[in-house]
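Everything below concerns the one structure shown next.
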Amino acid sequence: MLKRIHATFYLGTHLMIRFMKRLAGRPGKGAFLRAYATERLVPLTHEEKGLLEKISRCIACGLCDLACPATVNPDGTFPFFGPSALPFLSRSVPDFTAAPFSPKTCGECRECEKACPEEVPLTKIIEFIKRKFEEVRR
Amino acid sequence: MRPRVTIIGSGIAAVATACEAIRSGAEVTVIRGRPGSTALSSGAWDIAGDPLRFAGTPWQEVRSPRESLQELIRRLPHHPYRLLSLHDQVGDLPSFLSGAVNRIARALDLPLHGEIGRPFLALTPLGTVKVTAYTLPTHGAGNLLEMQGARLMVVGIQGLPSHPAALIASLLKKNRHRSPSLSEITATQIAPERIPKTLSPVQVAHSFDEDEAIDSLHKVLVQQAEKVRPTHVALPPVMGIRQSAHILSRLRETTGIHWFETLGLPPSIPGIRLQESLDRYFRLTELREGTVTSARMERKRVVALHIRDDEGRDEEFPVDRVVLATGKFLGGGIAPGTFREKIFNLPIFHNGNEIGARPVGPVVSRHYLDPHPLQSMGLRVNPHLQPVDDRGHLLLENLWAAGSILGGYDAAREGCGVGVAVGTGTLAGRLASERFAAHA
Amino acid sequence: MPESFDVIVVGGGCNGTGIARDCAMRGLRTLLVEKNDFGSGTTGASSGMIHGGPRYLLSEVETTKLSSRDAGYIRKIAPHLCFRIPFLYPVVKGNQPSWRRKIRLALVETFFQAYDRFSALKGGKPHTCLTREETLSLEPSVSPDIVGSVTFDEWGINTERLCLLNALAVKEAGGTALNHTEVKRILKEGNTVTGMIVRDTLTGEECEFRSRVLFNATGPWTPRLAAMAGVTVKLRPAKGIHLVLDRRITNYAVVSQCIDGREIFINPYGNQTLLGTTDDDFYGDPDEIPVTADEIEYLLQGMERTYPEIRKARVISTTRGIRPTLFGDKVLEDDLSRHHKIFDHEKEEGVAGFFSIAGGKLAAYRQMAEEATDLICQKLGNHDPCRTHLAPLPGGESTPEPAELAERYQLHPYAAERIVSRHGSLAEKVLQPTDELPSDKCAVCLCEPVLACEIRHAIGAESARTLADLRRRTGLGDGPCQGAQCLVPATGLLDPADPIAELKRFLEESWRSRAPLFCAEGTRSEPLVAQEEMNQMIFQCVLELGSQ
């Protein structure tokens, strides 16, 4: 009981502090972005959210890999995992720290999209990851 | 005027329908949408798995598909096999099915192995044994029932964990008491030179379509065979996407050994090879690419289909007779929220009861390996494979259905996926092509 | 001659592993046993956050201070397991007049302004107050029917690995930690507990151990184990569930209110998003926790209030856990304190050598463990100081740069990020064997991703003995595909004694979490059923597990 009174009193004090602080200004979006800049937590736009919903339809069947003509990256650098990895490489935005694909490997022929039973817009994922990577880097 | 049959779907049921409709003299159009379960299939063609088989059944006592068919018809009142066996166009169901399978195999130029009177015991990439009827060519030499006294070598590829050779060999050894036919089982790993460092089964298969990679693979496999001296070799199902026949026949010629692939799991190379042969066949018919989103109906007849192509453009396509072979959920046949068929909004049933959006009972069972209503729900049809409502009344006069859009069977548990697709597809193709296709 | 220990801790959740670590570090001969796997109980089913307990600002400020401070310690000792989560608290206008809601917004802001002080103790960022437009620009999926929002800061943490690392720390400090080891009988001499007989649930082997102190930290199973020792601990168990979404749908956690006024939220967790939670009295078996369609609908409807598009997200699984709340009569579940209590059964019932702990919260586990260990040390005459807030957990010494690792080992950068987030400074140790065996860089689980070398590490160095253990350590089989791609290769790498039984066991366990989704229209999506059809094809049709 005593603890509750103390808590209420404590919060009441803060209410007054708030009124005074507000006279100096409101910590708003600018403060938020500055605070979280190093966390690589960039916002997602409405269109990007819509894209993510479609990407979520992937059932990991691998039919896209089978349709993809860009087989192996012979020089061994960042080998192209194949389109089947794309829906999963886009699951977590803060974890994009480097350009995920050697731009040579995906030719955007869209054979993967035609082969997908769940209509996942695979070629758009590469754009999305690249765009987010740029934003995260900034 | 030849009847015009439009088939919605591009899997086994669709090809069975197309084959029979062409044979019956109809003009056939196939509307090819998204790939479904056929493209993901393992290479095995299931007609009827032995429902009485249990963990300890010796391999020689496993029932043939012919016998298992009778068992399924006896036990399951809503099974499409029962409907087929009672139809006067079918006659003896096993002969009907094996005849249709052979015709389809010829039309696809696909030399299948197996027969309806004998089970085919195929090796899976886990090391379990699957009971099936027919298999695609690359698995043909791998019927465990035909390996009396065989020395089997299971091959794994370094960095391809999806084919764990040691596990496969050890599981087979554990089960060896069920059949004394295999005299020796060994596991080996190979590391052919010209394959990519970070491996995915698909990348490996792609790479084995190149001549140099094939040569290197051939060399390494022959070397292993000379060390171990097996009579049969189980390979991971990644022996090239297009070159598999060439790779295996060359190995056979060089060594005299029986080489075969284990069955494929998604991403299944055997599945995609099958889908490619289906696609080649469909191009011989009139083929439209696109997804059918809805239909225009007038007075209990389907008048036109609305097709959406890759770019999102819609087209109205007039139709005469339609066969629906869109699959269950993988092909996008049934909408899971409302449990209704997507194109014509037909009701979906389980055990004779309509399901609807608020199913009365659970659609799944408590245990994973138990039967789930979700896997055996589907359209209810009259004896002529035409969808009906809950009172058995015909819904659309010029519509038939085939394959897993039909309810009453559980393809996975009963081991009858291809059998039902081929049987119902063939009958539907025939019925839809009849000159006066009017059934009450 | 049975092995003898100073202290045996039963229970591998945050409390059990925390207490065992503290005991071992203070020089006591320690044994930790867990009947399933570390973190497989309540701790693993939590919201995946070590939060500072802001709600206690309304009732007991001291709790918030302690929680925040301890969360700060946890973050220091395992920085790689933690990830920052900005929380968005939107204030919905609804059909109330704007001025009333603006007052509410001001009160909420005051609340989180008060919280800033404590949040700072855990390295939290200060609150901000956003207008409606600002909120929507940061998170466009928030409902437009708001007057504004307040942001505050919490830490997400990989709870299963937290328990695992504590258990590994026990070993590092010279103790023993055994998973899949169940207590069969507690041994007593007169009124003193002297030891126990355990059984390895995988091999069936039984073993006897002797103890000077036996500590019961089994969470919801506390009363059961206490009864084995002939004492009573009364709990008021409370069930909580979460829905698991397939990816991070937002980068910020978003708070909402359910129909009964309870606050729930979505929060990012690794590669997923969690939506929860519920709080209901539970009278059943903690080994069999059901999830109902009503609970699922309750959460979805509640979240819709501030996040209207929640139903568009793909739900892949559920988590179910039982909070071992201290018994309190005639109050609503939410009002029960998250207090903890350590029961010294010698004082309570005259049974010496036996202690129990119950109540508490994840974020305060280290503090609770310290208290418990202080008591144990008192009994055993040990005077070493507690250092669990200072010494880093395995891998917590430093956090390597994922980009650098990716470059050096020729890995995909995303895979490197995930390995670092799980292993911290030990990531090098996980990857080093691939110098000899580069093919081990292949991905076994595509969804996460998990590389073969990480699985080998989990088996060799992290006591992974089952497929589910691998799932808890790496996330394998936990993603959207629910094991379709990875279970066969994982079984090959694990090489269990009975591979078929092990595979079946994993499938049944993961099915328990997934099956409820099919019975609720809100979660019965197209990808869910298509995935299931494909998985049934793999495991039932091709592999024929049903007839093996």
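Chains as they are written, first to last, in numbering that gives the first Met the number 0: chain A, 0 to 137; chain B, 0 to 439; chain C, 0 to 547.
Glycine residues also receive a C-beta, built at the ideal position from the N, C-alpha and C atoms.
What span of residues does the alpha helix (DSSP H) with residue i cover, start to end?
i	result
A:Met19	1 to 23
B:Asp210	210 to 227
C:Arg421	412 to 422
C:Ser509	498 to 513
C:Tyr297	292 to 303
B:Tyr80	79 to 85
C:His557	What the structure shows of chain C is the stretch from 0 to 547, and residue 557 of chain C is not part of that stretch, so it cannot be assessed.
B:Cys18	11 to 22
A:Lys129	121 to 136
A:Cys63	62 to 66
C:Arg20	13 to 24
Have a look at residue i and residue j and give me their C-alpha separation to the nearest angstrom.
i	j	result
B:Thr292	B:Gly351	27 Å
C:Leu56	C:Thr62	8 Å
C:Cys22	C:Lys170	11 Å
A:Ser55	C:Thr193	54 Å
C:His344	C:Asn266	39 Å
B:Gln88	B:Leu426	8 Å
B:Gly428	C:Gly476	42 Å
C:Leu410	B:Gly10	38 Å
Can you confirm whether residue i, when its beta carbon is compared against all beta carbons of chain B, has any partner nearer than 7 Å?
i	result
C:Val541	yes
C:Gly459	no
A:Leu65	yes
A:Gly11	no
Give me the chain A residues within the contact set of residue i, using Cβ-Cβ distance strictly less than 7 Å, ordered along the chain.
i	result
B:Leu329	Pro116
Starting from residue i, follow the beta strand (DSSP E) in both directions and report where the run begins and ends.
i	result
B:Arg307	300 to 307
C:Glu61	Here C:Glu61 belongs to no beta strand (DSSP E); instead the alpha helix (DSSP H) covers 60 to 76.
C:Trp98	Counting along the chain, C:Trp98 falls outside any beta strand (DSSP E), though it belongs to the alpha helix (DSSP H) covering 97 to 120.
Given that residue i touches chain A, what residues does it touch there, using C-beta distances under 9 Å?
i	result
C:Gly478	Ala59, Phe87, Arg90
B:Asp214	None at all; the shortest Cβ gap to chain A is about 17 Å.
Step through the CB atoms of chain C and report whether any lies within less than 7 Å of the CB of residue i.
i	result
B:Val363	yes
B:Lys172	no
A:Ala23	no
B:Thr127	yes
B:Gly255	no
A:Leu40	yes
B:Arg440	What is shown of chain B runs 0 to 439, which leaves residue 440 of chain B out entirely.
A:Glu133	no
A:Lys123	no
Check the Cβ of residue i against every Cβ in chain C and list those closer than 7 Å, keeping chain order.
i	result
B:Tyr367	Leu506, Glu507, Trp510
A:Ala6	Leu56, Leu57, Ser58, Glu59, Val60
Any beta carbon of chain A sitting closer than 7 Å to that of residue i?
i	result
B:Ser199	yes
B:Pro266	yes
C:Tyr114	no
C:Ser140	yes
B:Leu39	yes
C:Ala529	yes
C:Met533	yes
B:Arg312	no
Examine the ligand FAD and report whether any of its heavy atoms sits within less than 6 Å of the Cβ of residue i.
i	result
B:Val154	With respect to small molecules bound, the structure shown includes none, and the ligand FAD cannot be examined in it.
In chain B, what lies closer than 7 Å to residue i by C-beta?
i	result
A:Ser55	Correct list: empty, because the minimum Cβ distance to chain B is about 15 Å.
In chain A, what lies closer than 8 Å to residue i by C-beta?
i	result
C:Ile145	Neighbours of C:Ile145 on chain A: none; closest Cβ ~14 Å, over 8 Å.
Cβ closer than 7 Å: which chain E residues qualify as neighbours of residue i?
i	result
A:Lys113	The question asks about chain E, but that chain is absent: this structure's protein chains are A, B and C.
Give the interface partners of residue i over in chain B, defined as CB-CB distance under 9 Å, in chain order.
i	result
C:Glu525	Phe328, Gly331, Ala334, Pro335, Gly336
C:Gln481	By Cβ distance, chain B contributes nothing, its closest Cβ being about 11 Å from C:Gln481, past 9 Å.
Next item on the list: Let me know the beta strand (DSSP E) ranges lying completely inside the segment 245 to 302 of chain B, each 3 residues or longer, listed in chain order.
Entry: 257 to 260, 285 to 288, 290 to 297
Margin query: Give the list of continuous beta strand (DSSP E) stretches no shorter than 3 residues that lie fully inside the segment 192 to 264 of chain C.
Written below: 205 to 215, 237 to 244, 252 to 256
Note to self: Quick check on the DSSP output: what are the complete beta strand (DSSP E) runs of length 3 or more inside the segment 127 to 166 of chain B, in order along the chain?
What the structure shows: 128 to 131, 149 to 156
Notebook entry, point to check: Which whole runs of the alpha helix (DSSP H) in the segment 125 to 168 of chain C are 4 residues long or more, in chain order?
Noted result: 131 to 137
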